[in-house]
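First the structure, in the form of C-alpha cells, and then the observations on it.
2 protein chains.
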Amino acid sequence: MKLITRDTDYAIRALCCMAAKGGEVISVKDMASSLSIPRPFLRKILQKLHKEGILTAMKGKGGGFKGSSSLPETTLFNVVMIFQGDFSLSDHTSGKIACPGMNSCKLKIHIDGLEQTVANRLKNIRIKELV
Amino acid sequence: MKLITRDTDYAIRALCCMAAKGGEVISVKDMASSLSIPRPFLRKILQKLHKEGILTAMKGKGGGFKGSSSLPETTLFNVVMIFQGDFSLSDHTSGKIACPGMNSCKLKIHIDGLEQTVANRLKNIRIKELV
DNA sequence: AGATAATGATACCATAAATGTATCATTAGT
DNA sequence: ACTAATGATACATTTATGGTATCATTATCT
Numbered sequence: 001m002k003l004i005t006r007d008t009d010y011a012i013r014a015l016c017c018m019a020a021k022g023g024e025v026i027s028v029k030d031m032a033s034s035l036s037i038p039r040p041f042l043r044k045i046l047q048k049l050h051k052e053g054i055l056t057a058m059k060g061k062g063g064g065f066k067g068s069s070s071l072p073e074t075t076l077f078n079v080v081m082i083f084q085g086d087f088s089l090s091d092h093t094s095g096k097i098a099c100p101g102m103n104s105c106k107l108k109i110h111i112d113g114l115e116q117t118v119a120n121r122l123k124n125i126r127i128k129e130l131v
Numbered sequence: 132m133k134l135i136t137r138d139t140d141y142a143i144r145a146l147c148c149m150a151a152k153g154g155e156v157i158s159v160k161d162m163a164s165s166l167s168i169p170r171p172f173l174r175k176i177l178q179k180l181h182k183e184g185i186l187t188a189m190k191g192k193g194g195g196f197k198g199s200s201s202l203p204e205t206t207l208f209n210v211v212m213i214f215q216g217d218f219s220l221s222d223h224t225s226g227k228i229a230c231p232g233m234n235s236c237k238l239k240i241h242i243d244g245l246e247q248t249v250a251n252r253l254k255n256i257r258i259k260e261l262v
C-alpha cells in the first residue's frame, strides 16, 4: 500500500533541492547524479512539474530547471495530485464495486473521514518547510 | 492511490455480513451472490481470514464459514495488514530508493507521523461498529 | 457405500499500474 | 555549424492487483 509513489517522492526531493538552491538553474544531468535518480525518469518528472508551473525551464545549452515563484508554497498535496491524480483511499463507494448499502454505509463514513484527515495533513506541508 | 484494496474491502464487507448473522454458518456461494462478489475470489479471501483465525470453517456438505469469537473486536487495521501486508505510506526511507538525507530528513518525519495517524484511526474501527 | 456439496491448498492467468527508456524535434549558447 | 540542453511522446519492463481453475479432503444425506 503506497500513499506516495516513487515519482511523487522523487518530485518532492527534486523540488526541495531546487528550493534550496534558490533561483539557480540546474540541469537534469546534475540533479540526477546528485540525487541518484535515473536521469530519463527524473527528466519526465521535471517536465511535468514545469507544465504545472512549479518549475521554470531554460532550453538550450547551459539550460535546465529552476524553481518558479510558486515553488515554496507548493504543498505535498499539490505534488501528490499531479503525479497520482485524484486521490481516493478506497473505491468502496465508487464505480462497479460500490458498496450496495451506499447511503447508510458506516464504513464509507469512516473512510471519508480518514481521507479528509490525510488530505488536510498533506495540504499543510509546504516545500519551503522541508528544505 | 489506494489505501484499501479491493480484497480488503470485500473482506470487510464479508466480515460485517458474518457479524450481522451472529454464529450462523454461511456458504461462500450464498455470500458471494448476496454481496455480489466473484465467488472464487471471495472464497480465497474467506480462506485467508480463516487461516488468520477470524473465521471458523465448516467443511463438507452444508458447510461454510462463520465468525469466530475474535470477529467483533477485529479492527480495520487487522484486515488491512492481512491483505496488504506491512503498510508503509511511502518507501521514501526504505530499500534502494531510500532518501540519502535519512536521519535529518524532514519529509520522513512528516510521513512517519501521518502513517501513525492513519494506523491509529484504523486500529480504532472494529467490525462490530460497522454492522 | 456412494453421490453430492462444501472447504483446503495452491497454481495459474489477465489486466492495470508503476517504473523506467528511447527517440526525434526544438531551442539556445559557443 | 556544433553541442548541450529541454519538449513531446511513444515504447518497454516490472510488479501488484484482481480473478480463475483444479485437485484433494471432509462432511452430510440418501
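Chains as they are written, first to last, in the numbering used here: chain S, 1 to 131; chain D, 132 to 262. By construction, the Cβ of each residue, glycine as well, lies at the ideal position given by its N, Cα and C atoms. These numbers were taken from a predicted model, which means no experiment stands behind them.
Using a Cβ-Cβ cut-off of 8 Å, state whether residue i counts as contacting chain D.
{"i": "residue 9/S", "result": "yes"}
{"i": "residue 90/S", "result": "yes"}
{"i": "residue 13/S", "result": "yes"}
{"i": "residue 114/S", "result": "yes"}
{"i": "residue 54/S", "result": "no"}
{"i": "residue 65/S", "result": "no"}
Could you check what DSSP says for residue i in three-state terms: helix, strand or coil?
{"i": "residue 66/S", "result": "strand"}
{"i": "residue 132/D", "result": "coil"}
{"i": "residue 75/S", "result": "strand"}
{"i": "residue 145/D", "result": "helix"}
{"i": "residue 151/D", "result": "helix"}
{"i": "residue 246/D", "result": "helix"}
{"i": "residue 171/D", "result": "helix"}
{"i": "residue 8/S", "result": "helix"}
Counting only C-beta atoms, is residue i closer than 8 Å to chain S at any point?
{"i": "residue 261/D", "result": "yes"}
{"i": "residue 215/D", "result": "yes"}
{"i": "residue 149/D", "result": "no"}
{"i": "residue 179/D", "result": "no"}
{"i": "residue 238/D", "result": "yes"}
{"i": "residue 228/D", "result": "yes"}
{"i": "residue 132/D", "result": "yes"}
{"i": "residue 75/D", "result": "Any question about residue 75/D goes unanswered here, given that chain D covers just 132 to 262."}
{"i": "residue 170/D", "result": "no"}
{"i": "residue 174/D", "result": "no"}
{"i": "residue 208/D", "result": "no"}
{"i": "residue 157/D", "result": "no"}
{"i": "residue 256/D", "result": "yes"}
Have a look at the DSSP bridge pairing and note the partners of residue i.
{"i": "residue 164/D", "result": "In DSSP, residue 164/D forms no bridge with anything."}
{"i": "residue 57/S", "result": "65/S"}
{"i": "residue 126/S", "result": "75/S"}
{"i": "residue 82/S", "result": "For residue 82/S, which the question treats as bridged, DSSP gives no partner whatsoever."}
{"i": "residue 219/D", "result": "Partner(s): none; residue 219/D has no beta bridge."}
{"i": "residue 157/D", "result": "196/D"}
What does the Cβ neighbour count give for residue i, buried or exposed, with the cut at 16 atoms within 10 Å?
{"i": "residue 132/D", "result": "buried"}
{"i": "residue 216/D", "result": "exposed"}
{"i": "residue 168/D", "result": "buried"}
{"i": "residue 39/S", "result": "exposed"}
{"i": "residue 140/D", "result": "buried"}
{"i": "residue 221/D", "result": "buried"}
{"i": "residue 64/S", "result": "buried"}
{"i": "residue 78/S", "result": "buried"}
{"i": "residue 11/S", "result": "buried"}
{"i": "residue 193/D", "result": "exposed"}
{"i": "residue 198/D", "result": "buried"}
{"i": "residue 109/S", "result": "exposed"}
{"i": "residue 163/D", "result": "buried"}
{"i": "residue 145/D", "result": "buried"}
{"i": "residue 58/S", "result": "exposed"}
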